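168 is the number of the first residue of the sequence shown in the numbering used here; add one for each residue after it. Think of the CB as a built atom: it goes at the ideal place given N, C-alpha and C, for glycine as much as any other residue. Computed from a prediction, not measured in an experiment: that's the story for all the values here. Everything on this sheet refers to the single structure shown next.
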Amino acid sequence: METVSLNSTFSEAITKNAKFFLSVNLLNISNVISYSNGSCLALLENVTHKWTDPNSTVDNIQVQRSSPIISDALRDIILTVNLAVLCQFVSLAGVVVSILNICVFVKQGLGDALNVTLAGLAFADLCMVIFASWMCLCCNPLFASLDLPFSPIQFVYLTASLPRLTCSRVSSWILAFASVERCLCIIKPLAFKSIITPRRSLAFIVVTYVLMTASVLPLYYTTRLVWSHDPVRNKSIVSLAFTSDRFAVDNYVFGIGVFLSVVSFLGVSICTSLLVWSLKKKRKWRETTVVGIATGNHLPLVSYRNKRVGKMISIVSILFLVCYTPNTASQLLTALDQDFAKNGDQINASQVFWSFGILLECINATVSIVIYFKISSRFRSTLLAMFKRKPRPASIVTAF
């Protein structure tokens with residue numbers, strides 16, 4: 168299969184403007200347009216392109232620009248602030264938070280289906296913020312200007328952008344599953360444990376990881392890392408190479424990705440709505456049960472636990488919906504409006520939108536521990552015990 172290397176005489180023009188090179192394809196390396204005849208490569212942004220001759224050079228390309236919503240200068244500032252500064256800090260904090268979450272859920276025991284699900288969610292968040300941190304580092308202008316054996320903006324696509332996207336999708340599907348779990352627990356409390364078991368929860372998580380990973384694997388076939396000669400630095404560096412059928416394959420992969428993201432987003436929305444409705448419906452019944460049953464009976468305790476767990480999952484889901492709305496909307500907009508697609512006229516706005524979406528996704532993974540700590544007394548006790556701090560006595564002792 169013929170491949171096209173991202174090295175040419177146009178490399179000198181790229182390196183002369185570091186900010187331009189940083190912003191181009193910051194979030195989607197497919198903004199790099201390449202055409203191979205042995206020496207020809209054009210790197211364009213915010214243009215509609217037309218090749219006049221297979222042997223043409225950059226000067227022979229007819230370029231038509233339209234007025235972008237966001238200027239190049241404003242885009243560069245927003246991307247640098249969002250990714251190189253804010254997202255870098257939040258993602259590093261998210262690494263610590265996700266590790267703590269995993270430790271707590273594992274210490275509580277994986278014999279509980281909910282702990283298995285939340286541990287799987289925390290692991291997906293951990294992987295996501297790790298890849299996001301590496302991506303933000305590669306997008307940092309200071310790091311990109313170093314004399315590295317690879318091109319950071321190209322290298323990050325396969326080593327960070329795609330893995331981060333995969334983990335983000337895994338998180339959304341696991342959270343949708345957690346919402347379904349809580350709905351069943353509230354609606355069918357007696358049959359819940361026979362329907363949702365730790366083994367089934369683990370199986371769902373493993374299948375989710377496999378399917379979401381498989382959804383991006385074709386991109387590793389069409390886009391590859393190769394050693395190529397950089398004429399500017401007069402040395403070999405690792406850069407991207409594309410197969411000749413790249414665009415056809417990428418279109419299918421993008422369509423599948425949009426479908427997976429939208430379905431999981433809608434799934435979380437529907438299940439969260441059902442969960443909130445079920446909690447309100449059962450509230451009066453629980454209050455009546457607590458009043459009418461003797462103190463020694465454990466049924467009120469179970470009801471209180473279900474209420475707390477349901478409330479916790481509801482808040483986590485609502486936070487997810489808020490933080491994942493920008494990227495989900497961006498994918499739909501890209502699919503429906505070609506101006507916001509690859510190399511569209513409004514690619515600046517698309518990149519800015521993505522930068523806010525990535526920042527919010529990292530925030531979602533980072534603040535989850537606050538929700539767990541505030542609502543779950545069991546999580547709070549376990550976390551404090553890990554640091555050898557004795558928790559303050561609670562007025563109501565709960566199982567969660």
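Would asparagine 282 and glutamine 275 qualify as a contact pair, given that the criterion is a beta-carbon distance under 7 Å? Their beta carbons are under 7 Å apart, which means asparagine 282 touches glutamine 275 by this criterion.
Determine the contact status of serine 382 and isoleucine 423, defining contact as a CB-CB distance below 7 Å. For serine 382 and isoleucine 423, yes; Cβs fall inside 7 Å.
Keeping to the same chain, check which residues put their C-beta closer than 6 Å to that of histidine 434; ignore five residues upstream and five downstream. Per the sequence presented here, residue 434 reads as glycine, with histidine not at that position. Sequence-distant Cβ neighbours of glycine 434 in its own chain, meaning closer than 6 Å and more than five residues away, are Ala343.
Is it true that the CB of serine 368 sits closer than 7 Å to the CB of threonine 439? No.
Which residue's Cα is closest to the Cα of threonine 492: Asn531, Asp512, Lys478, Gln513? Proximity to threonine 492 across Asn531, Asp512, Lys478, Gln513 peaks at Asn531, based on C-alpha coordinates.
C-beta atoms of phenylalanine 290 and proline 330 nearer than 7 Å: For phenylalanine 290 and proline 330, no; Cβs fall outside 7 Å.
How about alanine 516 and isoleucine 245: do their beta carbons lie closer than 7 Å? No, the pair does not count as a contact, with Cβ atoms beyond the cut-off.
Through-space distance from threonine 533 to leucine 407, alpha-carbon basis: Approximately 32 Å between the Cα atoms of the pair.
Own chain partners of proline 385 with C-beta closer than 6 Å, once the 5 adjacent residues on each side are dropped: Closer than 6 Å at the Cβ level, and outside the excluded window around proline 385, lie Val416, Val420.
Could you tell me which of Met479, Val393, Met295, Gln518 sits nearest to serine 346, measuring between CA atoms? It is Met479 whose Cα lies nearest to the Cα of serine 346.
Based on the DSSP secondary-structure assignment, which residues constitute the bridge partners of tryptophan 394? Val405.
Closest by CA to leucine 427, which one among Leu499, Val405, Ser258, Val476? Considering only alpha carbons, the answer is Leu499.
As a quick exercise: from Leu550, Ala251, Ile353, pick the residue whose alpha carbon is nearest that of tryptophan 301. When only C-alpha atoms are compared, the closest one is Ala251.
Rounded to a whole number of angstroms, what is the C-alpha to C-alpha distance between serine 318 and arginine 242? If I take the Cα positions, the gap works out to 21 Å.
Can you give me the C-alpha to C-alpha distance between threonine 326 and isoleucine 354, rounded to a whole angstrom? Each residue's Cα considered, the two are about 43 Å apart.
For aspartate 314, count the other beta carbons within 10 Å of its own beta carbon; 16 or more makes it buried, fewer makes it exposed. Which is it? Residue environment analysis places aspartate 314 among the exposed positions, since fewer than 16 neighbouring C-beta atoms fall within 10 angstroms of its C-beta.
Please report the straight-line C-alpha distance between leucine 378 and alanine 286, rounded to a whole angstrom. Looking at the two C-alpha atoms, the distance is approximately 19 Å.
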